[in-house]
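Trainee: Residue numbers (this note's numbering): 301 to 666.
No residue lacks a Cβ here, since even glycine has one placed at the ideal position from N, Cα and C.
Please read these numbers as outputs of a predicted model, since none were measured by experiment.
Questions regarding the structure given below will be posed in turn.
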Ligand code: UD1
């Protein structure tokens with residue numbers, strides 16, 4: 301069986317790495333890897349391949365940046381000939397980025413089966429581009445690997461047949477548990493022992509100058525109580541530059557490699573973020589997480605984990621930081637199946653699939 305993985309952006313890499321690793325020892329499976337090139341900077345892509353020991357991609361589509369339509373269209377048109385040439389039995393896509401949805405669309409038109417890792421998550425907020433990507437990808441996927449029970453429920457509510465859904469747990473946690481010893485062994489950073497670790501990149505937080513300025517001001521206020529360490533996504537770096545603010549009291553860094561960032565997460569007093577994956581990682585680590593969003597597609601990090609949604613409200617953010625500093629952080633636990641073995645469960649399901657019918661593939665090539 302030939303399994304082809306498609307990845308494109310930073311949050312895909314830590315999800316694909318354990319699945320590729322988990323399939324490597326299965327004798328009847330060959331694998332290939334396509335990088336769409338949605339993320340292309342060395343510190344957004346290459347360093348993750350080396351730290352996570354992902355093999356070099358067999359193909360890089362080099363789509364780069366652009367509007368959502370342009371980026372999606374580029375992936376679609378550049379991926380199709382690769383699939384026609386390589387003829388995989390199944391394509392595995394990850395998460396909710398534009399590359400994920402575009403790849404699922406190409407495959408479904410070619411009658412190639414699609415497996416979606418991290419299926420079923422819903423914010424129910426269609427203003428979030430990733431929500432569109434999630435809904436479309438899940439609609440098209442033949443196999444849906446969910447990280448938690450809410451994912452199964454969302455899919456069943458949308459009419460997905462129960463036999464397509466496999467609750468396997470969280471592959472991000474597979475990568476985290478594997479690399480945690482290396483992260484803990486990283487030398488201590490030069491920041492004070494109490495620090496807030498910040499990431500922000502959602503269009504809803506960084507594209508509107510007024511919203512971004514208000515969030516940065518709250519972070520400046522927080523910096524009176526503890527160091528604020530902020531590895532800045534390229535999109536956010538551009539937007540902060542355009543504001544022309546002096547932010548001397550924040551430690552602005554370039555995006556960090558996986559292990560160094562995980563090291564900071566393990567040592568942070570509090571994490572302030574709008575990322576999806578970081579809500580999950582902090583829940584696993586038991587580190588307080590304040591999410592600068594009104595909703596989350598990962599509700600289990602709130603119901604079970606350490607996550608608190610503070611919206612874009614500066615008062616709520618500073619109040620929650622004070623709670624953490626006062627020793628009253630929200631307690632949390634680790635959700636079921638976030639145990640470091642999700643990829644093995646995915647590999648078991650993939651390995652047991654019947655091979656695709658040659659007649660279906662022939663039909664798609666007409
Ligand atoms: C994408 C994903 C988002 C994910 C995030 C993680 C979509 C819709 N969004 O958002 O879900 O959380 O990745 O990082 O797929 N840029 C660079 N170098 C790069 C990549 C991007 O400079 O290697 C800059 C470009 O100016 C680009 C901008 O960042 O226009 C945004 O990149 P893009 O891939 O469109 O979306 P992200 O904001 O990274």
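Per DSSP, residue 531 is paired with what?
Mentor: Looking at the DSSP assignment, residue 531 forms a beta bridge with 553.
Trainee: Kindly indicate the opening and closing residues of the beta strand (DSSP E) around residue 589.
Mentor: Where residue 589 is concerned, the enclosing beta strand (DSSP E) stretches over 589-591.
Trainee: Pick from 309, 375, 451 and 477: whose alpha carbon is nearest that of residue 596?
Mentor: Cα-wise, what sits closest to residue 596 is 451.
Trainee: Give a yes or no on whether the minimum CB-CB distance between residue 544 and chain C is below 8 Å.
Mentor: Structure shown: chain C not included; a single protein chain is present.
Trainee: Kindly indicate the opening and closing residues of the beta strand (DSSP E) around residue 394.
Mentor: Where residue 394 is concerned, the enclosing beta strand (DSSP E) stretches over 390-394.
Trainee: Go through its chain and collect everything with a Cβ distance to residue 431's Cβ below 8 Å, but skip five positions before and after it.
Mentor: Same-chain partners within the cutoff: 396, 422, 423, 424, 425 and 597.
Trainee: Does the ligand UD1 have a heavy atom nearer than 7 Å to the CB of residue 563?
Mentor: No; taking the cut-off as 7 Å, the Cβ of residue 563 has no heavy atom of the ligand UD1 nearer than that.
Trainee: Taking contact to mean 3 or more Cβ pairs, one atom from each stretch, closer than 8 Å, check whether the segment 318-336 and the segment 354-364 are in contact.
Mentor: Touching, yes.
Trainee: First and last residue of the beta strand (DSSP E) that includes residue 583?
Mentor: From DSSP, residue 583 is part of no beta strand (DSSP E) but of the alpha helix (DSSP H) over 576-585.
Trainee: Within 10 angstroms of the Cβ of residue 371, are there 16 or more other Cβ atoms? Answer buried if so, exposed if not.
Mentor: Buried, since its Cβ has 16 or more Cβ neighbours within 10 Å.
Trainee: In this structure, does DSSP put residue 496 in helix, strand or coil?
Mentor: Note: residue 496 maps to strand in three-state DSSP.
Trainee: Could you compute how far the alpha carbon of residue 665 sits from the alpha carbon of residue 410?
Mentor: Low confidence applies to residue 665: its pLDDT is 46, below 50, so where it sits in the model is not reliable enough to give any reading.
Trainee: For the ligand UD1, is there a heavy atom less than 7 Å away from the beta-carbon of residue 721?
Mentor: Shown here, the chain extends from 301 to 666; a query on residue 721 therefore has no answer.
Trainee: Would you identify the three-state DSSP class for residue 448, choosing helix, strand or coil?
Mentor: If DSSP states are grouped into helix, strand and coil, residue 448 belongs with coil.
Trainee: By a C-beta neighbour count over all protein chains shown, 10 Å radius and 16 as the cutoff for buried, is residue 603 buried or exposed?
Mentor: Residue 603 should be labelled exposed.
Trainee: Would you check if there are 3 or more beta carbon pairs closer than 8 Å linking the segment 337-350 to the segment 490-499?
Mentor: No contact exists between the segment 337-350 and the segment 490-499.
Trainee: Distance, Cα to Cα, residue 466 vs residue 525?
Mentor: If I take the Cα positions, the gap works out to 45 Å.
Trainee: Going by DSSP, what residue range makes up the alpha helix (DSSP H) through residue 641?
Mentor: Run containing residue 641: none; DSSP gives neither H nor E here.
Trainee: Would residue 415 pass as a contact of residue 376 if the rule is Cβ separation under 8 Å?
Mentor: Not a contact, by the Cβ cut-off of 8 Å.
Trainee: So residue 543 and residue 509 are in contact, right, with Cβ under 8 Å, and what is the actual spacing, rounded?
Mentor: Rounded, the Cβ-Cβ distance is 6 Å, consistent with contact.
Trainee: Out of 506, 317 and 486, which has the shortest C-alpha to C-alpha gap to residue 562?
Mentor: Among 506, 317 and 486, the Cα nearest to that of residue 562 belongs to 486.
Trainee: With DSSP run on the structure shown, which of helix, strand or coil describes residue 332?
Mentor: Looking at residue 332 - three-state DSSP - the assignment turns out to be strand.
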